[in-house]
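*Asks:* Dumping the structure here so I can ask a few things about it.
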Amino acid sequence: MPLPGQLSDPRVLTLFGLLAVSTVVWLTLGLRARRRDRAATPLERVWHPQESVALTPAEEHAFGQVVSRLSPGSPGRLR
Numbered sequence: 641m642p643l644p645g646q647l648s649d650p651r652v653l654t655l656f657g658l659l660a661v662s663t664v665v666w667l668t669l670g671l672r673a674r675r676r677d678r679a680a681t682p683l684e685r686v687w688h689p690q691e692s693v694a695l696t697p698a699e700e701h702a703f704g705q706v707v708s709r710l711s712p713g714s715p716g717r718l719r
């Protein structure tokens, strides 16, 4: 049974064919990437030098001043 009207045009059939193929490729690549992400091992925790080096009192004071400036003072405003 032939397709009626404009659907029998070869350009329309080609367009629908390309759309179907591209959809299948897109879905396949998406599923493959999702599967690959699940199989990936988590990154190791990065060591930072400040984790094992004690701060001097002057460094602790400077850090406290920076933190106090960044903490909110009155509602919605930084000091």
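In the numbering used here, the protein residues as written are 641 to 719. Here a beta-carbon is modelled for each residue, glycine too, at the ideal position from N, C-alpha and C. Since the model is a prediction, treat every value here as computed from it, not as a measurement.
#1: Could you pull the start and end residues of the alpha helix (DSSP H) that A702 belongs to?
#2: Looking at the structure shown, is A660 part of a helix, part of a strand, or coil, going by DSSP?
#3: Which same chain residues, not among the five before or five after F703, have their C-beta less than 8 angstroms away from its C-beta?
*Replies:* Let me spell this out:
#1: 697-710
#2: helix
#3: Excluding positions up to five away in sequence, the list reads L695.
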